[in-house]
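I have placed the structure first, in the form of structure tokens, so that the comments after it can refer back to it.
Residue numbers (my numbering): 449 to 601.
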């Protein structure tokens with residue numbers, strides 16, 4: 449009699465393991481979502497910035513998807529001051545990759561081309577992993593600052 453109860457105990461433990469498979473799937477999906485700290489640049493000349501971390505972003509998301517989320521968060525966030533809400537952000541640049549050294553630039557590196565907001569590149573293909581800081585800004589402001597670097601503060 450004890451042998452059969454022992455066997456039924458085993459089958460219950462297997463049922464418990466089988467029941468945890470959805471939990472494992474959820475953990476796997478969570479590991480594929482990342483947190484991206486976003487720096488909003490309103491003015492390159494005066495170095496006016498605002499910071500907002502965005503969490504639960506799928507690493508397979510495109511730049512378009514990220515900008516959709518950014519525009520949504522800007523509209524609903526009480527943390528972002530209103531002057532930052534009125535700008536149309538249309539480009540991004542990686543500011544700092546997690547666990548790497550930071551550059552000496554105060555805002556972003558002005559060399560190289562930024563990524564436009566309508567790009568179909570995935571975050572993963574750009575090397576954006578968890579805690580990679582990105583800066584978003586107006587492309588025209590970036591190009592003007594790159595052509596004539598002037599800082600007033």
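Virtual Cβ for every residue (Gly too), placed ideally from N, Cα, C.
As the structure is a prediction and not an experimental result, all values here were calculated from the model.
Alpha carbon to alpha carbon, how far is residue i from residue j?
i, j, result
"residue 487", "residue 569", "20 Å"
"residue 591", "residue 598", "12 Å"
"residue 538", "residue 520", "14 Å"
"residue 543", "residue 582", "5 Å"
"residue 571", "residue 596", "30 Å"
"residue 546", "residue 507", "14 Å"
"residue 485", "residue 593", "23 Å"
"residue 492", "residue 584", "11 Å"
"residue 578", "residue 548", "12 Å"
"residue 532", "residue 522", "8 Å"
"residue 496", "residue 529", "11 Å"
Only counting the same chain, and skipping five residues up and downstream in sequence, which positions put a Cβ closer than 7 Å to that of residue i?
i, result
"residue 494", "600 and 601"
"residue 557", "551"
"residue 517", "502 and 505"
Just verifying my parser: in three-state terms, what is the DSSP assignment at residue i?
i, result
"residue 591", "helix"
"residue 482", "strand"
"residue 571", "coil"
"residue 626", "In the structure as shown, the chain begins at 449 and stops at 601. Residue 626 is therefore absent and cannot be evaluated."
"residue 581", "strand"
"residue 514", "helix"
What do you get for residue i, buried or exposed, if any count of 16 or more other CB atoms within 10 angstroms of its CB means buried?
i, result
"residue 457", "Note that residue 457 scores a pLDDT of 49, beneath 50, so its modelled location is shaky; the value from the coordinates is reported in the next line. Classification of residue 457: exposed, given that the 10 Å Cβ count is below 16."
"residue 555", "buried"
"residue 576", "buried"
"residue 489", "buried"
"residue 588", "exposed"
"residue 565", "buried"
"residue 563", "buried"
"residue 541", "buried"
"residue 511", "buried"
"residue 580", "buried"
"residue 527", "exposed"
So, for residue i: in the same chain, excluding its five sequence neighbours on each side, which residues have a beta-carbon less than 8 Å away from its beta-carbon?
i, result
"residue 481", "503, 504, 505, 506 and 507"
By Cβ distance, which residues of its chain are closer than 6 Å to residue i, with the 5 residues on each side in sequence left out?
i, result
"residue 499", "487"
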